[in-house]
Amino acid sequence: MARITMREAISQALWEEMERDPSVFILGEEVGVWGGTYAVTKGFFDHFGPDRVKDTPIAENAILGAAIGSALTGLRPIAELMTINFAFSAMDYIVNQAAKMHYMFNGQMVLPLVIRAVGGGGRQLGATHSQTPDAIFAHFPGLKVVAPGTPVDAKGLLKAAIRSQDPVLFIEHATLYQTRGEVPEGDFVIPIGKSTIQRPGKDITLVTYSKMLEISTKAADALSKEGIDVEIVDLRSLRPLDMGPVLESFKKTNRAVIVEEGWQSYGVGSEVATRIYEEAFDYVDAPIKRVAQKEVPLPYNRTLEQMALPQVEDVINAVKEVLNG
Amino acid sequence: MEKSDYLRLYHEMVLIRRLEEKSAELYQQGKIGGFLHLYIGQEAVSTGLISARTPEDRVITAYRDHGVAINCGLSANEVMAELLGKATGCSGGKGGSMHLADVKKNFWGGHAIVGGHLPIAAGLALGDVYRKDPNATICMFGDGATNIGYFHEALNISKVWNLPVLWVCENNQYGMGTSVDRASAVSEIVQKASGYGMQSRQVDGMDVMAVRQAADEMLTQIRAGSGPMLLEVITYRFRGHSMGDPERYRKQEEVHKWQENDPIGIYRKYLVEKGIASEEELDQTDDAAMQEALAAVEFAESSPEPGPEELFRHIYVEE
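Chains Z and L, in that order, give the protein sequences. Just so we're aligned, residue 1 is where the first sequence starts under my numbering, counting upward by one. Just so we're aligned, residue 1001 is where the second sequence starts under my numbering, counting upward by one.
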């Protein structure tokens, strides 16, 4: 198995799906001639041509509107938002159009659409370009929200998203593009809406996804040296949310910490913790803890920014508090 | 045009009028919920426009969509049933007045977010271009929609990509209660096309034949690859923006003045004066349309409600 980066995994998924299905095409800002602002679509324009790798004006409503409309005609557009922060400019298309049309018109309209969006903090881009607003999008029925934390999941889930008949928001984390992992050769798909155990353990359950999988894994490595055996559940999809592996793990460990990069209030941790309390209350041995971003707009200054983002230490401390509580 | 074509257009206009008068009554009786935006006064616009399309041309419009639905070939029954939220409605009772659609008839919906469907129309046209299908997309919207960002992003990208879209602004003089000159930097919407290097035309929306002719000429060019064009249709809604509009923003004299130019009356006069149809024939069409509207009410009222199993159906294609 080859060890490739997240960027390569995503790029491979796009390339292979475009080779496999002529109705798949890409549109977005700088996806073509430039090769993608994160170099994910480098070489695509020359190979697939301008009709299948469409550069757009900087106009998010036009991008997503065009994607939705062409999806309605049976094409499989992959619309790239340069960053998820720009999704707010076109929020209507994500939550009010794409998420609603199949239901509202009684199944007549089908939108096989993927919206790729890069999110996450930690790059000193300031408050407007650093957000992790995943939970907002996961709030809306009708939309599927996927956020992989490993290269293999990124490739398999993106292929599933492209082949899906439903609109999928595919959230990539900007600081994971260089992360390497083993990815099998050839075609494979990882189904949307399936959580997975990324690391088996017996003492406590860490529930996380995307970039925070990396932070949680580092915390688990450190904790293992102190004899604490952490089990990590990777949600991978926020909607549909698969609580199966989370509950299974929790019923074994009876303790949980939920780690997310977004703000804590009304977030993924709130949702997962509540569901554990609702569905496995008899198994609770200690209050569940949440690790999340401090409730501030992310500052530019590197030290302040890192203070606001969840760190390995924060996860270690939360685990110890739950175990000792 | 054959005589039957002329009569079909007349029938459509009268049917829309009767259907909407009935729906207003049902709304007052509390049988129709939510918002109800009547098209009365504007029937010549969609009737003329849609009569110029081929079945392969796509149509998409805003929330004032009952007339467009009828012109696109939806039955009065399924339109009225949708207004009453019944299972037999064209959107299964889940969409309501603002969300009529029949994809098989290439009617891509009523859309309720002002201007929101314009970029989607560009996408529909992009789909045709991608497949090299020579179809046009007709996108209708009100004058109010030309002041929101969606309009400008959509017109721009349609020109940049040379998409086969006929943008049709139904200028009925008011965006809700705000007149065009109070909301738009230019009072002639047609001027906005020049910012996008787009060909445009203005036409009298009370004259169904004039609308049809303009649409026919423009659609022919668009299908031949001219790129997008903007058609401004000057019209007027005789009723309020929606039911329950106190209409403080306009004088009754103004409404009456426009009502003297009733598009149905104008077309009727045209048909008689040209010797295309007799008064008796048109009276018969009037009666038939009235019967159809009444039958639609009967059908809708006697139709079943959607079952509880519908609540969770169609959230996703793949659960």
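Each residue gets a CB set at the ideal place from its N, CA and C atoms; glycine is no exception.
Separation of Tyr-1236 of chain L and Asn-1171 of chain L (C-alpha to C-alpha, rounded to the nearest whole angstrom) is 7 Å.
For the region 52 to 78 of chain Z, the residues whose beta carbon sits under 9 Å from a beta carbon of chain L are, in order, Arg-52, Lys-54, Thr-56, Pro-57, Ala-59, Glu-60, Asn-61, Ala-62, Ile-63, Leu-64, Gly-65, Ala-66, Ala-67, Ile-68, Gly-69, Ser-70, Ala-71, Leu-72, Thr-73, Gly-74, Leu-75 and Pro-77. Sequence-ordered contacts of the region 91 to 119 of chain Z with chain L read Asp-92, Asn-96, Gln-97, His-102, Tyr-103, Met-104, Phe-105, Asn-106, Gly-107, Gln-108, Met-109 and Val-110 [C-beta pairs closer than 7 Å]. Pairing Tyr-1039 of chain L with Ile-1016 of chain L gives a Cβ-Cβ distance under 8 Å. For His-173 of chain Z, there is no enclosing alpha helix (DSSP H); the enclosing beta strand (DSSP E) covers residues 168 to 173.
Across the set Z:Asp-134, Z:Tyr-38, Z:Lys-155 and Z:Tyr-283, the C-alpha of Z:Asp-134 shows the shortest separation from the C-alpha of Val-145 of chain Z. When Cβ pairs closer than 8 Å are counted between the two stretches, the region 1002 to 1012 of chain L is seen not to touch the region 1213 to 1228 of chain L, the count staying below three. Burial of Ser-1046 of chain L is indicated by the presence of at least 16 other C-beta atoms within 10 angstroms of its C-beta. For Ile-1234 of chain L, the closest C-alpha among the options L:Arg-1131, L:Val-1211 and L:Ser-1242 is that of L:Val-1211. Here Leu-304 of chain Z is exposed. Its C-beta has fewer than 16 other C-beta atoms within 10 Å.
For Trp-1108 of chain L, the closest Cβ of chain Z is nearer than 8 Å.
Contact between Val-315 of chain Z and Val-259 of chain Z holds, since their C-beta atoms are separated by about 6 Å, short of 8 Å. In the three-state scheme derived from DSSP, where H, G and I count as helix and E and B as strand, Ser-1200 of chain L is classed as strand.
Scanning L:Arg-1064, L:Gly-1109 and L:Gln-1213 for the CA closest to the CA of Lys-100 of chain Z turns up L:Gly-1109.
Each residue's CA atom was taken as its position, placing Gln-97 of chain Z and Glu-1309 of chain L some 23 Å apart.
For the 8 Å CB-CB criterion, Leu-1074 of chain L and Phe-1107 of chain L form a contact. For Gln-198 of chain Z, no alpha helix (DSSP H) run applies; the uninterrupted beta strand (DSSP E) run containing it begins and ends at 196 to 199, by DSSP.
Residue environment for Gly-325 of chain Z: exposed (fewer than 16 other C-beta atoms within 10 angstroms of its C-beta). In the displayed model, Arg-7 of chain Z falls within a helix according to three-state DSSP.
A direct Cα-Cα distance of roughly 12 Å separates Ile-1120 of chain L from Phe-1141 of chain L. Within the region 1193 to 1277 of chain L, the complete beta strand (DSSP E) segments at least 3 residues long are 1199 to 1204 and 1229 to 1234, listed from N- to C-terminus. Here Asp-187 of chain Z is exposed, its C-beta having fewer than 16 other C-beta atoms within 10 Å.
Interface annotation for the region 154 to 178 of chain Z against chain L: Ser-164, Gln-165 and Asp-166, criterion Cβ-Cβ distance under 7 Å. Not a single CB atom of chain Z sits nearer than 8 Å to the CB of His-1037 of chain L. Shown here, Ala-39 of chain Z sits in coil according to DSSP, grouped into three states, outside any helix or strand. Bridge partners of Gly-1110 of chain L according to DSSP: L:Thr-1061. In the three-state reduction of the DSSP assignment, Lys-1022 of chain L falls in the helix class. With a 10 Å radius around the Cβ and a threshold of 16 neighbouring Cβ atoms, Ile-63 of chain Z comes out buried.
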